Structures are given as C-alpha cells and as structure tokens.
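Mapping the sequence shown onto full-length UniProt numbering, position 18 (from 1) lands on 18, and the numbers just tick up by one.
Written out below as structure tokens is the structure these notes cover.
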Amino acid sequence: MATLRALDKITGRSADFEIEVGEPIVFGVLEIDLKVCFQTPPEEPPESAAFLQIEEADYVETNTLTEPRLASEVRAEMSDVEAPADAPAVTEADEEEEAGPLFSGWMFASTPGLSALEHPVYDVWVIRCKQPSPESLSSPVVPDE
C-alpha cells in the first residue's frame, strides 16, 4: 500500500489517497496503477519508492472526477452509461496512437522531481509506502500440544 498525492494544476486542488498494489485508481483523466511499493527498514535513512504505471483513462466522463476512485468502480459506472449519438467512434487506428503509458517507472518520496510524471494538467508523487506491521506478518504455525 502507498500514499500518493495528486495535484490538478488547473484548479489547484490536491488529494492524498491510498492505493493498493493491483487496484488502479482514477484521478481526473489519469489511471494510476501501483505495481510495487518499497519502504526502507527503520535502521536505514528513510525512503519510500513506488513503481507506478500511469496512463490516460479511456472512459468517457473521467474529466468530471475530482476525488480519486477505484478504476473498477468507474468502469462499472461508465459501462452503464450509453455513449451519446454524436460521440466519435473509437477505431483501431485511435487505439494504436495510444501506444503506452504516460509514466512507467520508480518514484521516490525523498526526490519527487527525479522521476516525475510529465502531464500538462496533473502531477502525481509518492508520499510514503506502508509496510505490514510485524504482528500482521504470518509466522510459522505452531502445533497445539
């Protein structure tokens, strides 16, 4: 799990949100997917690093989203809404133009400018990674005596 901060540069609104590995979040027109999150051990200098993939969401009305939401919820809502009759049809050529993600790489909490998302409207950066507490880690099963 990681805590990210996203900024809408047009409105000046920022939002902090938690994201789980493998559960993409939609913020504005961005779909943010956390692949890995790493927190240094307490005896080392503090650092959080997250491997993120960020791409433009292909949903019809994502630009109206002001709060981060699970991508699966947004997709479900958008599948219930019919596209307007005057909406342009998506062709295979359009899909080929959207070749890859806007960002795919490591972001570091201590140096957000080192590896940053380059987008005209949005900024996203890592605040911290959360490791499971030692109590929640599974320990070997001890048989009852």
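For each residue, glycine too, the CB sits at the ideal point set by N, CA and C.
Computed from a predicted model, the values in this text were never measured in an experiment.
Check	Outcome
Does DSSP put residue 21 in a helix, in a strand, or in coil?	coil
Taking C-alpha atoms, which residue in 46, 13, 21, 20 lies nearest to residue 111?	46
Comparing C-alpha positions only, which one of 75, 39, 117, 14 sits nearest to residue 24?	75
Around the C-beta of residue 96, are 16 or more other C-beta atoms found within 10 angstroms, so that it is buried, or is it exposed?	Any reading at residue 96 needs caution, since the residue's pLDDT is 47, under 50, leaving its predicted position unreliable; the model's value is listed next. With fewer than 16 Cβ atoms within 10 Å of its Cβ, residue 96 is classed as exposed.
Less than 6 Å between C-beta atoms, sequence neighbours within five positions excluded: which residues of the same chain meet that for residue 103?	54, 117
So for residue 67, helix, strand or coil by DSSP?	coil
Could you have a look at residue 1 and say whether DSSP puts it in helix, strand or coil?	coil
Do you know whose CA, among 114, 42, 105, 71, lies nearest residue 22's CA?	71
Taking the Cβ atom as the reference point for each residue, do residue 37 and residue 6 lie within a distance shorter than 8 Å?	no
Below 8 Å on the Cβ atoms is my contact criterion, and I expect residue 8 with residue 121 to pass it. Report the Cβ-Cβ distance as a whole number of Å.	7 Å
Quick one: residues in its chain with C-beta nearer than 6 Å to the C-beta of residue 84, no 5 flanking neighbours on either side, listed in chain order?	Residue placement at residue 84 is flagged as unreliable, the pLDDT there being 49, under the threshold of 50; a coordinate-derived value is accordingly withheld.
Can you tell me the Cα-Cα spacing of residue 78 and residue 44, whole angstroms?	45 Å
Compute the Euclidean distance between the alpha carbons of residue 113 and residue 15, then round it to the nearest angstrom.	18 Å
Using DSSP with H/G/I as helix, E/B as strand and the rest coil, what is residue 212?	The displayed coordinates of the chain run from 1 to 145. Any statement about residue 212 would go beyond what the structure contains.
Compare the Cα-Cα distances from residue 30 to each of 109, 69, 51 and report the closest residue.	69
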